[in-house]
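Before any comments, here is the structure.
Residue numbers (my numbering): 63 to 425.
Spelled out as structure tokens, the structure:
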């Protein structure tokens with residue numbers, strides 16, 4: 063600890079105060095102490111023990127002191143007692159916490175300390191994110207956050223009554239990163255049906271996480287569709303029928319990743335099948351059913367242009383002609399089929415009624 067003592071002459075000549083000078087002439091004072099010219103012995107001793115040394119005081123040679131020069135020496139002894147050992151100071155860290163948490167995901171961050179002594183850790187101000195706690199013996203903050211937000215708190219570590227340290231920190235918790243699909247990916251379903259040549263437009267939306275999003279796609283993407291890695295959209299018109307499976311991924315600025323696996327089933331373009339119908343007779347019950355190809359069901363039928371032969375009707379639900387023709391002749395009618403994607407296909411049907419009923423379909 064610091065030490066200071068000032069030497070002075072018991073009887074000084076009539077010189078002005080402070081005109082005498084002091085210095086050590088033999089041996090040495092305790093290590094860490096030094097004598098200034100005004101007679102002050104000061105410093106912080108670094109070694110215990112008893113130290114003897116000679117000090118000389120010299121008066122100046124001038125008229126004010128009667129033209130005399132005078133010196134005097136004296137031996138002094140200074141004892142330095144052993145001090146109480148200075149215990150090392152406790153310092154804890156880190157200075158800040160860069161790792162952010164995610165709602166519903168396990169989180170761990172460890173406090174640090176320069177001393178290996180047993181310590182007690184606690185939160186003395188603010189609060190940890192809900193779902194997290196600090197280990198009182200190891201200083202590890204861990205748990206599963208349950209609410210997003212920014213949480214500031216003060217951690218204290220204590221070794222004993224005289225040694226402790228505190229650190230004020232902040233932990234940011236983000237909502238879980240997720241992908242929400244829009245039409246045509248219906249809620250709860252990752253399977254979409256479409257058909258060749260039909261405009262396809264799907265927007266995938268990221269929620270949660272932090273910062274900007276980066277999108278990517280892997281797997282089998284239908285030919286004719288293009289994925290936007292900036293906006294998360296899949297657009298275009300499929301060119302080939304088939305079943306396609308792919309996975310869309312999105313990453314935020316802090317490294318979180320969410321995925322969305324989907325399947326697109328591409329059907330052939332909707333059409334009305336060309337077929338030969340059996341012959342029929344006037345007055346006999348007759349029924350034929352048109353057949354659709356491709357498209358996405360269910361389908362519905364419509365008689366666009368006609369008339370039909372007398373006695374024949376058209377069922378728009380089944381695409382069937384039925385009834386008992388009563389008159390010989392030839393009729394041309396236009397039939398349209400519509401699927402669930404509102405894609406339409408039209409065919410002209412020629413109905414001939416004679417001794418037998420003949421139908422011919424032409425696209």
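From the three backbone atoms N, C-alpha and C, an ideal C-beta is built for every residue, glycine too.
As the structure is a prediction and not an experimental result, all values here were calculated from the model.
Three or more C-beta pairs below 8 Å linking the region 311-319 and the region 285-293: no
Same chain, Cβ closer than 7 Å to residue 326, five either side skipped, listed in chain order: 254, 256, 284 and 306
Residue(s) in a DSSP beta bridge with residue 257: 329
Three-state secondary structure (DSSP) of residue 233: strand
Three or more C-beta pairs below 8 Å linking the region 171-182 and the region 201-212: yes
Contact between the region 401-412 and the region 349-359 (3+ Cβ pairs under 8 Å): yes
Beta-carbon gap between residue 365 and residue 376 smaller than 7 Å: yes
Contiguous beta strand (DSSP E) assignments of at least 3 residues, all confined to the region 145-227: 169-172, 182-188, 194-196, 202-205 and 211-222
Spatial distance of residue 276 from residue 158 (CA atoms): 27 Å
Classification of residue 353 by the beta-carbon crowding that lies within 10 angstroms, buried from 16 upward: exposed
Beta-carbon proximity of residue 89 to residue 105, cut-off 7 Å: no
Beta-carbon proximity list for residue 274, same chain, < 8 Å, skipping 5 on both sides: 314 and 315
Validate contact between the region 233-244 and the region 207-214 using beta carbons, cut 8 Å, 3 pairs: yes
Cross-strand partners of residue 409 (DSSP beta bridge): 397
Other residues of its chain near residue 71: CB distance less than 8 Å, five sequence neighbours each side excluded: 82, 119 and 134
Identified DSSP bridge partners for residue 301: For residue 301, which the question treats as bridged, DSSP gives no partner whatsoever.
Exposure of residue 381, with buried meaning 16 or more beta-carbon neighbours within 10 Å: buried
Three-state class that DSSP yields for residue 119 in the structure shown: strand
Bridge partners - residue 137, DSSP secondary structure assignment: 116
Helix, strand or coil at residue 290 according to DSSP, with G and I counted as helix: strand
Rounded distance between the beta-carbons of residue 383 and residue 337, thought under 8 Å: With a Cβ gap of about 12 Å, residue 337 and residue 383 do not count as contacting.
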